[in-house]
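Right, one structure below, let's go through it.
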Amino acid sequence: MTVLSTYNEFSGRHWDTGTICNVLAYQGIAAPHTGQPFSEALLLGISGGITAMYLVFEYQGFEPQVTLGTRYPFEPMERIWERLRLNPDVRETTSETRAVDNLRAALAADRPAIVWADLCSMPYNTLNMFDENFWVIMPLVVYGYDEGIDIVSLADRAQVPLHASTAQLATARGRTQKNQYKLVTLAPLAAPTAETVAQAVRAGIRDGVALFLDGPPKGPPRNFGQAALQTWADMLTDTKSVKRWSNVFATGSELYAGLTAAYGSIESWETGGAASRSQYADFLDEARVLLDLPALSDIAQQFRQSAQQWRDLAAALLPASVPPLHVTRTLLTHKDRLFGERGAQALDEIRQVDERLDQIRGEVAQQFPLSAAEVATLREELRERVLAIRATEQAAMEALRVTQAITEG
Numbered sequence: 007m008t009v010l011s012t013y014n015e016f017s018g019r020h021w022d023t024g025t026i027c028n029v030l031a032y033q034g035i036a037a038p039h040t041g042q043p044f045s046e047a048l049l050l051g052i053s054g055g056i057t058a059m060y061l062v063f064e065y066q067g068f069e070p071q072v073t074l075g076t077r078y079p080f081e082p083m084e085r086i087w088e089r090l091r092l093n094p095d096v097r098e099t100t101s102e103t104r105a106v107d108n109l110r111a112a113l114a115a116d117r118p119a120i121v122w123a124d125l126c127s128m129p130y131n132t133l134n135m136f137d138e139n140f141w142v143i144m145p146l147v148v149y150g151y152d153e154g155i156d157i158v159s160l161a162d163r164a165q166v167p168l169h170a171s172t173a174q175l176a177t178a179r180g181r182t183q184k185n186q187y188k189l190v191t192l193a194p195l196a197a198p199t200a201e202t203v204a205q206a207v208r209a210g211i212r213d214g215v216a217l218f219l220d221g222p223p224k225g226p227p228r229n230f231g232q233a234a235l236q237t238w239a240d241m242l243t244d245t246k247s248v249k250r251w252s253n254v255f256a257t258g259s260e261l262y263a264g265l266t267a268a269y270g271s272i273e274s275w276e277t278g279g280a281a282s283r284s285q286y287a288d289f290l291d292e293a294r295v296l297l298d299l300p301a302l303s304d305i306a307q308q309f310r311q312s313a314q315q316w317r318d319l320a321a322a323l324l325p326a327s328v329p330p331l332h333v334t335r336t337l338l339t340h341k342d343r344l345f346g347e348r349g350a351q352a353l354d355e356i357r358q359v360d361e362r363l364d365q366i367r368g369e370v371a372q373q374f375p376l377s378a379a380e381v382a383t384l385r386e387e388l389r390e391r392v393l394a395i396r397a398t399e400q401a402a403m404e405a406l407r408v409t410q411a412i413t414e415g
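Okay, so the sequence shown: first residue is 7 according to the numbering used here, each after it adds one.
Take a look at the structure:
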């Protein structure tokens, strides 16, 4: 039995930033400007902050899916621990036995272990992916491994402890060969200094601005940053592209899938709501203190404006004027709250929500609650909202670039 008996850190919400936030808090590593544990907002900014991504996936035999990325996607965790000099100890193996040994050793050294696992294989989730060939690999924190009673203790988004059996964790960790039972512990030689954190903040801002305004280090430029928002706006009303919404998400279950997936990308998937824009504004407020840059206050306000625009866009995707869509929005919000507050203790209620959502999905597949003309009007409204967000965030990012140049000049 190896359990960190004093572990009580569950405030982190997002997989990338939340896991590190929880580990640093347990290890007593404080932010130099506050003397308190690092905030998840600060870690978000250091990781590269926010962006926009627009991706559409079509698989034969399944409903099309749209993914709206909202956070910097290129090795965000690595950026955090490298920039803060957290001295990560990375262990990878193809052996399940060695993976368990690595986990035991980490816990025996009083280090919570960050491991990568398939969410679909964990017993506290109700993810219903397409089939057994799909998975969702994300990091989570292991703080207990008791083979005697066959319980693994975990921190994973919920504000309460979660548990799995040793076999369930092994299956989830070994779900893909590429994952190689990866495990990371953080063992900084000293707490990050104010200068180290300031440099990390500057680097994070630089990454976020470059991705949003200039394009990605890899991947199609039209799918990232301001270009991604323009792409999405264009596809909402385009009449020729095979990727246009009137073709891919025409009506029925396809349109319902597109609307709900877009909503989830903005308000769920542990963004903190509003596509993580409110959290990024909080980061800029901290950065203002760390960098002694008063101009960041105004830019933070610009991102709070865009946060409200994202909330309004999410509401427009599942509008209150269309009862089945409004009920869907209410259920999705309730489901997130149940898991966040109660974790696996809310599983029965979460499954009831899932059943109701499946029922609505079947109903709208048979008869979508909007006419073709009303769907076209909805797409026009969504386009205008997306373009308004693009304008607000382009102005904010350009102002951030100017401010960044001043501090680095």
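Here a beta-carbon is modelled for each residue, glycine too, at the ideal position from N, C-alpha and C.
Item to check | DSSP-derived helix/strand/coil call for His169 | outcome: By one-based count along the sequence shown, residue 169 stands at place 163. Of the three classes helix, strand and coil, the one that applies to His169 here is strand, per DSSP.
Next on the checklist: One question on the structure: do Thr73 and Ala206 come within less than 8 angstroms of each other, judged by their Cβ atoms?
Outcome noted: For the purposes of this step, residue 73 is identified with residue 67 of the sequence shown, where counting begins at 1. For the purposes of this step, residue 206 is identified with residue 200 of the sequence shown, where counting begins at 1. Going by C-beta atoms, Thr73 is not nearer than 8 angstroms to Ala206.
Checklist entry - What separation, rounded to the nearest whole angstrom, lies between the Cα atoms of Leu296 and Ala37? => result Position 290 of the sequence shown, counted from the start, is the residue given in the question as residue 296. Position 31 of the sequence shown, counted from the start, is the residue given in the question as residue 37. If I take the Cα positions, the gap works out to 10 angstroms.
Item to check | Glu404 to Tyr286 span [Cα, whole Å] | outcome: For the purposes of this step, residue 404 is identified with residue 398 of the sequence shown, where counting begins at 1. For the purposes of this step, residue 286 is identified with residue 280 of the sequence shown, where counting begins at 1. In a straight line, the C-alpha of Glu404 is about 15 angstroms away from that of Tyr286.
Next on the checklist: Once DSSP output is grouped into helix, strand and coil, what is the label at Leu299?
Outcome noted: Working through the sequence shown from its first residue, we reach residue 299 at position 293. Looking at Leu299 - three-state DSSP - the assignment turns out to be coil, as it is neither helix nor strand.
Checklist entry - Quick one: complete beta strand (DSSP E) runs, 3+ long, within the segment 320–404? => result none
Next on the checklist: Please state the DSSP three-state secondary structure of Ile35.
Outcome noted: Along the sequence shown, read from residue 1 onward, the residue named residue 35 stands at position 29. Note: Ile35 maps to coil in three-state DSSP.
Checklist entry - So, using beta-carbon positions, are Leu61 and Phe44 closer together than 8 angstroms? => result Within the sequence shown, residue 61 is the residue found at index 55, counting from 1. Within the sequence shown, residue 44 is the residue found at index 38, counting from 1. Going by C-beta atoms, Leu61 is not nearer than 8 angstroms to Phe44.
Next on the checklist: Can you tell me whether Arg97 is buried or exposed? The criterion is at least 16 other CB atoms within 10 Å of its CB, across all chains shown.
Outcome noted: As a first step, residue 97 must be located in the sequence shown, where it is residue number 91. Under this definition Arg97 is a buried residue.
Checklist entry - For Asp77, which of helix, strand or coil comes out of DSSP? => result Stepping through the sequence shown from its first residue, residue 77 is reached at position 71. The sequence given here has Arg at residue 77, not Asp. Correct three-state label for Arg77: strand.
Next on the checklist: Mapping the DSSP letters down to three states, classify Met59 as helix, strand or coil.
Outcome noted: As a working mapping, residue 59 is identified with position 53 in the sequence shown. Three-state DSSP puts Met59 in a strand.
Checklist entry - Which runs of the beta strand (DSSP E), 3 residues or longer, sit entirely within the segment 109–161? => result 119–124, 143–152, 157–161
Checklist entry - Do Gln410 and Arg212 have their CB atoms nearer than 8 angstroms? => result The count along the sequence shown starts at 1 and reaches residue 410 at position 404. The count along the sequence shown starts at 1 and reaches residue 212 at position 206. Yes. Within cutoff.
Item to check | The beta strand (DSSP E) enclosing Thr191, as first and last residue numbers | outcome: Residue numbering aside, residue 191 sits at position 185 when the sequence shown is read from its first letter. From DSSP, the beta strand (DSSP E) with Thr191 extends over 189–192.
Checklist entry - Excluding the five sequence neighbours on either side, which residues of its own chain have a C-beta within less than 8 angstroms of the C-beta of Arg208, listed in chain order? => result Residue mapping note: residue 208 aligns to position 202 of the sequence shown, counting from 1. Cβ neighbours of Arg208 beyond the five flanking positions: Leu297, Gln410, Thr413, Glu414.
Item to check | Presumed contact (8 angstroms Cβ cut-off) between Trp122 and Asn185, rounded CB distance | outcome: To locate residue 122, count along the sequence shown from 1; it is residue 116. To locate residue 185, count along the sequence shown from 1; it is residue 179. About 5 angstroms separates the two Cβ atoms, so the contact holds.
Checklist entry - Should the segment 64–71 be called in touch with the segment 226–235, which here means at least 3 C-beta pairs below 8 angstroms? => result no
Next on the checklist: Whole angstroms are fine: how far does the CA of Ala196 sit from the CA of Ser327?
Outcome noted: As a position in the sequence shown, residue 327 is number 321, starting the count at 1. As a position in the sequence shown, residue 196 is number 190, starting the count at 1. Looking at the two C-alpha atoms, the distance is approximately 55 angstroms.
Next on the checklist: Mapping the DSSP letters down to three states, classify Asp318 as helix, strand or coil.
Outcome noted: Walking along the sequence shown from the start, residue 318 turns up at place 312. Reduced to three states, the DSSP call for Asp318 is helix.
Checklist entry - Out of curiosity, what's the CA-to-CA distance linking Gln71 and Ala58? => result Position 65 of the sequence shown, counting from 1, holds the residue named residue 71. Position 52 of the sequence shown, counting from 1, holds the residue named residue 58. When rounded, the distance between both Cα atoms is 16 angstroms.
Checklist entry - Who does Pro94 pair with in a DSSP beta bridge? => result The sequence position of residue 94 within the sequence shown is 88, counting from 1. Bridge partners of Pro94: Leu192.
Item to check | 7 angstroms Cβ shell around Pro223 - same chain, five flanking residues per side excluded | outcome: Looking up residue 223 in the sequence shown gives position 217. Cβ within range, chain order: Phe80.
Checklist entry - Which residue spans inside the segment 241–309 form an unbroken alpha helix (DSSP H) run of at least 4? => result 251–254, 258–273, 283–297
Checklist entry - Between Leu406 and the rest of its own chain, which residues show a CB-CB distance below 7 angstroms, the 5 nearest in sequence each way excluded? => result What you label residue 406 is simply residue 400 of the sequence shown in a count that begins at 1. Answer for Leu406: Ile211, Val215, Ile305, listed in chain order.
Checklist entry - What does a CB cutoff of less than 6 angstroms around Asp288 pick up in its chain, not counting 5 residues either side in sequence? => result Locating residue 288 in the sequence shown gives position 282, counting from the first residue. Around Asp288: Ala47.
Item to check | Helix, strand or coil at Phe16 according to DSSP, with G and I counted as helix | outcome: For the purposes of this step, residue 16 is taken as the residue at position 10 of the sequence shown. In the structure shown, Phe16 sits in coil (DSSP, three-state: anything other than H, G, I, E or B).
Checklist entry - Roughly how many angstroms separate the alpha carbons of Leu217 and Gly75, rounded to a whole number? => result Numbered from its first residue, the sequence shown carries residue 217 at position 211. Numbered from its first residue, the sequence shown carries residue 75 at position 69. So the alpha carbons of these two residues sit roughly 12 angstroms apart.
Checklist entry - When you compare each of Tyr13, His340, Phe140, Leu265 to Leu242 by their alpha carbons, which one comes out closest? => result Along the sequence shown, one-based indexing puts residue 242 at 236. Among Tyr13, His340, Phe140, Leu265, the Cα nearest to that of Leu242 belongs to Leu265.
Checklist entry - Can the beta-carbon of Thr8 be found closer than 8 angstroms to that of Leu113? => result Position 2 of the sequence shown holds residue 8. Position 107 of the sequence shown holds residue 113. Yes.
Next on the checklist: Just verifying my parser: in three-state terms, what is the DSSP assignment at Gln42?
Outcome noted: As a first step, residue 42 is located in the sequence shown; it is residue number 36 there, counting from the start. Coil at Gln42, not helix or strand.
Next on the checklist: DSSP three-state label for Phe218, please.
Outcome noted: For this step, residue 218 is matched to residue 212 along the sequence shown. Note: Phe218 maps to helix in three-state DSSP.
Item to check | For Gln71, three-class secondary structure by DSSP | outcome: Counted from its first residue, the sequence shown places residue 71 at position 65. The answer is strand: DSSP assigns Gln71 an E or B state.
Item to check | Nearest candidate by alpha-carbon position, reference Leu168, set Val147, Ala178, Ala322, Gln183 | outcome: Position 162 of the sequence shown, counted from the start, is the residue given in the question as residue 168. The candidate whose alpha carbon is nearest that of Leu168 is Val147.
Item to check | Distance, Arg104 Cα to Arg335 Cα | outcome: As a first step, residue 335 is located in the sequence shown; it is residue number 329 there, counting from the start. As a first step, residue 104 is located in the sequence shown; it is residue number 98 there, counting from the start. Cα to Cα, Arg335 sits roughly 44 angstroms from Arg104.
Item to check | According to DSSP, residues forming a beta bridge with Thr8 | outcome: Within the sequence shown, numbered from 1, the residue matching residue 8 stands at position 2. The partner list for Thr8 (beta bridge, DSSP) reads Tyr151.
Next on the checklist: Let me check understanding here. Comparing Cα to Cα, which of Glu399, Asn93, Leu90, Gly51 lies closest to Tyr78?
Outcome noted: As a first step, residue 78 is located in the sequence shown; it is residue number 72 there, counting from the start. The shortest C-alpha separation from Tyr78 is found at Gly51.
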